[in-house]
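Enquirer: Before anything else, here's the structure in question.
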Amino acid sequence: MNNVIKQLDSEIVKLISAGEVIESPASVIKELVENSIDAGADSITVEIKNGGKSYIRVTDNGSGIDEKYVEEAFNKHSTSKISTIDDFNKLYTNGFRGEALSSVIAVSETSMTTKTKEQNYGISITYKNEKILEKVKVGTSDGTNIIVKNLFENVPARQKFLKSDKSEAMKITSYLVKYALAHPEVKFKYINNSKQIFQTYGTSDLMQTAKELFSEDFYNKALCVDIKINEDLSLTGLLGKNSLMYSSRKMQYIFVNGRIVHGQSIQKAIEEAYKKYIPANNFPMFFVNILVNPANVDVNIHPNKLEVKFENEQQILTQIKNAVSKQLDSSQMIAHIDNVFGLEKEDFTDIKSQYQEYKNEISKKNSEPLSTSSKLINTSDNKNPEQPPLKFEKVEVDGDYVYKIKNTDTLVKEDSYFSENANEFENKELDFKQSPLLKNNSTPAPFFIPKETVTQENFSDKKATEPYFVDLTLLKYAGRIFDTYIILNDEKYMYLIDQHAAHERVLYEKFMKDFKTQEISTQGLLMPNRVTVPINLTDYSDKIIELLDKFGFDCDLFGDNIILIRSIPTYFSENQTELFVQRVFDSYLEEDVPSFDDIIINKIATKACKAAIKGLDTTVKNEEVDKLIFDLEHCENKYACPHGRPTITRLSKYEIEKFFKRIL
C-alpha cells in the first residue's frame, strides 16, 4: 500500500465532483430542467434516446444566457442565483451551486444553443472533454436548447453501472412527473425514442395536471388543498382520499418551495394525519408542496439538493400534520365502489410510452404459470379445466372475520404491464385495495390518459366534483345483507355500512371521551420495577420521570441512572412497562416523544373492537340499527374504524341503472 499523501490530479478531482452531481441520465435531466424552471420558462421539452445514455435534449423558452456569459456558465461554481451568503435567506430557485453544467461537460459531449430576447441572434457552443469544439452565432428562438450525448463515455467505471435503457428511462419519467406536479404552470412535453410519453398544458391547475398525467377520474379520489398555516408556512397540493391506499410510499411526492426533496419526516407527519382513515401497513397518496420562508430552511445539505433541514423542524412538522388532519376531517371520505358490475369505462389508451415495449415482451409469457410469490388473480371466466375454482378461508382481522383466497397456488397470470423481474418493476405483492395510479423504481409505472383528455379544449370545462356530504340519519333504511352490512339509500346513492366497523368507531370515541375526562387510575406493583437509563440520557433523567408521571406512572430516580417504577396505569400490564419506557428513551433525543393518545389508542381501539357487534351477527334488531346509524353520524370520524378500515361505502344509482340498461 502506498502511504504517500499527494494532491489529486485536477482531472480526477473534476470527475469526483461531477459524480456527486451527475449519477445517471436522470441526474442530467434533473439539473437541466431545474435550470429551465429557474430561467422562467413556461414551456419545457425533454427528449431522450436509449434511456438518456446516448442522447438527452432539454429545450425551454426561458430567459436564455447573454453572449458574454455563455462560456462562464460552464465554469464550476458560476451561477446567477446567488452572490452573497445573505442570498440563502431569500433563495427560491432550484439551483444555486453553479455545478450543473460544469459537471455535465465533464462526463459527456454537450452542445448548447441559447438566446436572450434582447439579442438578435443566438450562440451555439459545443464541449467535449471540457474543451470547446465550436462556438458560433446562429439564428434561433428565445430560450435555451441543450443536447447531451454519450454520457459517461469517458468514465467507463460509472458507465458500466448504469441500468438498462428502460430502467434509466423510468427514473427520468419519475423526475419529470414530479416536476410537472410541482410546477403546473409550466407546459411539459416528454419524448422517449421519438414517442411522446406525456404532455401537460401549463394551466397552473394542479388537479388538471394530475388528470393529464394519471386518469380522468383522479379528481374523484383526491382533494385539492391550499392551506395557509401562518405567515411563513403554507401547504398546497393533492391529498388522496382513503380509497387511494398503497402497500408502499411510491405515490407520495414531497416538494419544498417547488423543490423535489426526500422528505421522510414530512411523509411521517402527513401519514400520522391519515392514521384514523386507513388501515395499518397501508400508505396514503399525496403530492404536497411546502411553502416556507427560505430563511427557515437549509437546502445546502448535499450537491444533489434533495435533502433539506428546517429551523424549528418539530414545530413545523406538527403544524403540517395538524393542517392535513383538519383538512381530512372536514372532507367527504366515503369510498365509492368502482365499477362493481364490470361496466365499460372510458376508453383508456396507452400513451405509447416505453411501457408498450414491456407489454409486447411480457405478452409472450402471459400463459406461463407464476411462482407462488408473484401470482396475480385471473379475473376472467375460469375456462381452464386444469385450474380449480378459487377457495376461501375465514380469518380473523382486528377482531372481525374476513375471507381470503386459500388456494393461491392455482392462480394464473392476467394480462399485465408489469415484469416479473423485480429489478424492472417492484410488483412484489398484490394490493387488493386500489390499483396504483403510478408506479416506478422510485415512484412511477405505466401512465394511462383518457382519450378525451388529450386535447386542451376538453380540460377547460372539466371541474372537480364538489364533495357530496351526507347525513346518515336522513337516509332510508333498506335492510341488512349477509348479517353484516346495513343498506341505506337516498336519491343518488346506495350506501353499505359495515356494522362491526361502525360500532367499533362509536365505542372507540365513547371510550376515548370517558378516558380523557377522568383521572388516570393506577395499580401498585408488589416490587418496584427497575429500569436503567442509557448513559447518554442520564442528564435528562429528571425530565423523563416528569414525562412518565404525566402518563400515570409513579416513579423516582435511584442513583444517577436507575428509575424505580412503583405503580403503573391500569391500561398497562407489568410486562409492557419496560418496553414502553425504552420507547420513551429511544424517542426522547429525537424530539419524538409519544403523545397521550399515541400511548392508549391501540388499547382503547382493542377494547372497542372486542365489545363491538360482530359480522354475521343474526341477533341485531332494527332499533339497534337505528341507534348505530344515529351514533355513527355523530362521531368525529364516521368514515373509518380506529384501525383505519372503512365503515361506509357507496354505489351510485347511475351505475345500477346502466347495468340494467335503463341508461344507454
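The sequence shown lines up with residues 1 to 664 when you count with UniProt numbering. Note that beta-carbon positions come from the ideal geometry of N, C-alpha and C, so glycine has one too.
So asparagine 529 packs on glutamate 574, CB below 8 angstroms; how close in whole Å?
Expert: As a first step, residue 529 must be located in the sequence shown, where it is residue number 529. As a first step, residue 574 must be located in the sequence shown, where it is residue number 574. Right, the Cβ-Cβ distance comes to about 7 angstroms (below 8 angstroms), so this counts as a contact.
Enquirer: Can you give me the start and stop residues for the alpha helix (DSSP H) that glutamine 264 sits inside?
Expert: Here residue 264 refers to the residue found at position 264 when the sequence shown is read from its first residue. Taken as a continuous stretch (DSSP letters only), the alpha helix (DSSP H) holding glutamine 264 covers 264 to 274.
Enquirer: Just the Cα atoms here: how many angstroms apart are serine 164 and leucine 306?
Expert: By one-based count along the sequence shown, residue 164 stands at place 164. By one-based count along the sequence shown, residue 306 stands at place 306. In a straight line, the C-alpha of serine 164 is about 24 angstroms away from that of leucine 306.
Enquirer: Rounded C-beta distance between isoleucine 22 and serine 102? I'm assuming under 8 angstroms.
Expert: In the sequence shown, counting from the first residue as 1, residue 22 sits at position 22. In the sequence shown, counting from the first residue as 1, residue 102 sits at position 102. Actually they are not in contact, since the Cβ atoms of isoleucine 22 and serine 102 sit about 10 angstroms apart, beyond 8 angstroms.
Enquirer: Could you pull the DSSP bridge partners for isoleucine 565 from this structure?
Expert: Within the sequence shown, the letter at position 565 stands for residue 565. According to DSSP, which records beta bridges pairwise, isoleucine 565 is partnered with Asn529, Cys555.
Enquirer: Looking at isoleucine 260: is its Cβ nearer than 8 angstroms to the Cβ of lysine 189?
Expert: Here residue 260 corresponds to residue number 260 of the sequence shown, with the count starting at 1. Here residue 189 corresponds to residue number 189 of the sequence shown, with the count starting at 1. No, they are not a contact pair.
Enquirer: In whole angstroms, give me the CA-to-CA distance for glutamine 327 and leucine 496.
Expert: If you number the sequence shown from 1, residue 327 lands on position 327. If you number the sequence shown from 1, residue 496 lands on position 496. So the alpha carbons of these two residues sit roughly 24 angstroms apart.
Enquirer: Does DSSP put glutamine 252 in a helix, a strand or coil?
Expert: Start at 1 with the first residue of the sequence shown, and residue 252 comes out as number 252. Here glutamine 252 sits in strand by DSSP.
Enquirer: Output yes or no for whether 8 angstroms exceeds the beta carbon distance between asparagine 242 and methionine 333.
Expert: Here residue 242 is taken as the residue at index 242 of the sequence shown, counted from 1. Here residue 333 is taken as the residue at index 333 of the sequence shown, counted from 1. Cβ atoms of asparagine 242 and methionine 333: closer than 8 angstroms.
Enquirer: According to DSSP, simplified to helix, strand and coil, what is tyrosine 639?
Expert: The sequence position of residue 639 within the sequence shown is 639, counting from 1. Reduced to three states, the DSSP call for tyrosine 639 is coil.
Enquirer: To which residues does DSSP link lysine 178 through a beta bridge?
Expert: Residue mapping note: residue 178 aligns to position 178 of the sequence shown, counting from 1. None, per the DSSP bridge assignment.
Enquirer: My understanding is that aspartate 232 touches asparagine 293, with C-beta atoms under 8 angstroms, so please give their C-beta distance in whole angstroms.
Expert: Indexing the sequence shown from 1 puts residue 232 at position 232. Indexing the sequence shown from 1 puts residue 293 at position 293. At roughly 4 angstroms, the Cβ-Cβ gap stays under 8 angstroms, so aspartate 232 and asparagine 293 are in contact.
Enquirer: Which same chain residues, not among the five before or five after alanine 478, have their C-beta less than 8 angstroms away from its C-beta?
Expert: If you number the sequence shown from 1, residue 478 lands on position 478. The answer, listed in chain order, is Ile487, Leu488, Asn489, Met494.
Enquirer: Suppose the cutoff is 6 angstroms on Cβ atoms and the five residues either side in sequence are ignored; what does the same chain contact list for leucine 32 look like?
Expert: For this step, residue 32 is matched to residue 32 along the sequence shown. The answer, listed in chain order, is Val58, Ile146.
Enquirer: Give me the Cα-Cα distance between valine 186 and phenylalanine 214, rounded to the nearest whole angstrom.
Expert: Locating residue 186 in the sequence shown gives position 186, counting from the first residue. Locating residue 214 in the sequence shown gives position 214, counting from the first residue. Cα to Cα, the separation comes out at about 17 angstroms.
Enquirer: So, helix, strand or coil for glycine 240, using DSSP?
Expert: Taking the sequence shown and counting its residues from 1, the one referred to as residue 240 is at position 240. In this structure, glycine 240 counts as strand in the three-state DSSP scheme.
Enquirer: Where does leucine 306 sit, in a helix, a strand or coil, going by DSSP?
Expert: For the purposes of this step, residue 306 is taken as the residue at position 306 of the sequence shown. In this structure, leucine 306 counts as coil in the three-state DSSP scheme.
Enquirer: Going by DSSP, what residue range makes up the beta strand (DSSP E) through isoleucine 56?
Expert: Within the sequence shown, the letter at position 56 stands for residue 56. Taken as a continuous stretch (DSSP letters only), the beta strand (DSSP E) holding isoleucine 56 covers 55 to 60.
Enquirer: Give me the Cβ distance between valine 70 and isoleucine 125, rounded to the nearest whole Å; I'm assuming they're in contact under 8 angstroms.
Expert: In the sequence shown, the residue the question calls residue 70 occupies position 70. In the sequence shown, the residue the question calls residue 125 occupies position 125. Contact flag correct, Cβ pair sits at about 6 angstroms.
Enquirer: Give the single residue among Lys276, Leu235, Phe283, Ala273 whose Cα lies nearest to the Cα of glutamine 252.
Expert: For the purposes of this step, residue 252 is identified with residue 252 of the sequence shown, where counting begins at 1. Among Lys276, Leu235, Phe283, Ala273, the Cα nearest to that of glutamine 252 is on Phe283.
Enquirer: In three-state terms, what does DSSP make of arginine 645?
Expert: Mapped onto the sequence shown, residue 645 falls at position 645. Arginine 645 falls in the coil class under three-state DSSP.
Enquirer: When you compare only the Cα positions, how much space is there between threonine 209 and lysine 135?
Expert: One-based indexing of the sequence shown puts residue 209 at position 209. One-based indexing of the sequence shown puts residue 135 at position 135. Their backbone Cα atoms lie some 39 angstroms apart in a straight line.
Enquirer: Go through its chain and collect everything with a Cβ distance to histidine 503's Cβ below 7 angstroms, but skip five positions before and after it.
Expert: On the sequence shown, position 503 is the one that residue 503 refers to. Cβ within range, chain order: Ala612, Ile613, Leu628.
Enquirer: What first and last residue would you give for the beta strand (DSSP E) that runs through tyrosine 654?
Expert: On the sequence shown, position 654 is the one that residue 654 refers to. Run containing tyrosine 654: none in the beta strand (DSSP E); it sits in the alpha helix (DSSP H), 653 to 659.
Enquirer: Kindly indicate which residue of Ala222, Ser248, Thr318 has the alpha-carbon position closest to the one of serine 265.
Expert: By one-based count along the sequence shown, residue 265 stands at place 265. Serine 265 has its Cα closest to that of Thr318, out of Ala222, Ser248, Thr318.
Enquirer: Considering Cα atoms alone, identify which of Glu118, Thr140, Glu99, Asn120 is closest to methionine 112.
Expert: Position 112 of the sequence shown holds residue 112. That would be Thr140, whose Cα lies nearest to the Cα of methionine 112.
Enquirer: Round the Cβ separation of glycine 258 and phenylalanine 286 to the nearest angstrom and send it over; I've been treating them as touching at under 8 angstroms.
Expert: Your numbering for residue 258 matches position 258 in the sequence shown. Your numbering for residue 286 matches position 286 in the sequence shown. Incorrect: roughly 16 angstroms between the Cβ atoms, too far for contact.
Enquirer: Taking the straight line between their C-alpha atoms, what separation do you get for cysteine 224 and phenylalanine 553?
Expert: Residue 224 sits at position 224 when you count from the first residue of the sequence shown. Residue 553 sits at position 553 when you count from the first residue of the sequence shown. For cysteine 224 and phenylalanine 553, the distance between alpha carbons rounds to 44 angstroms.
Enquirer: Would you decide whether proline 156 is buried or exposed? Buried here means 16 or more other CB atoms lie within 10 Å of its CB.
Expert: As a working mapping, residue 156 is identified with position 156 in the sequence shown. Looking at its Cβ environment, which holds fewer than 16 other Cβ atoms inside 10 Å, proline 156 is exposed.
Enquirer: Pick helix, strand or coil for glutamate 623, following the three-state DSSP scheme.
Expert: As a first step, residue 623 is located in the sequence shown; it is residue number 623 there, counting from the start. Helix, per DSSP.
Enquirer: Is proline 534 buried or exposed, if buried means 16 or more other CB atoms sit within 10 Å of its CB?
Expert: Translated into positions along the sequence shown, residue 534 becomes position 534. Exposed is the call here.
Enquirer: Compute the beta-carbon to beta-carbon distance between serine 54 and lysine 149, rounded to the nearest angstrom, for a pair I have assumed lies under 8 angstroms.
Expert: By one-based count along the sequence shown, residue 54 stands at place 54. By one-based count along the sequence shown, residue 149 stands at place 149. With a Cβ gap of about 7 angstroms, serine 54 and lysine 149 count as contacting.
Enquirer: Can you name, in chain order, every residue of its own chain whose Cβ lies under 8 angstroms from the Cβ of proline 184, other than the five neighbours on each side?
Expert: Counted from its first residue, the sequence shown places residue 184 at position 184. Taken in chain order, the residues that qualify are Thr200, Gly202, Thr203, Ser204, Asp205, Leu206, Gln208, Thr209.
Enquirer: For glutamine 332, which residues does DSSP report across the bridge?
Expert: Counting from 1 along the sequence shown, the entry for residue 332 is found at position 332. For glutamine 332, which the question treats as bridged, DSSP gives no partner whatsoever.
Enquirer: From lysine 661 to threonine 173, what distance separates their C-alpha atoms?
Expert: If you number the sequence shown from 1, residue 661 lands on position 661. If you number the sequence shown from 1, residue 173 lands on position 173. One C-alpha to the other measures close to 41 angstroms.
Enquirer: Is methionine 245 buried or exposed, if buried means 16 or more other CB atoms sit within 10 Å of its CB?
Expert: Position 245 of the sequence shown holds residue 245. That one is buried.
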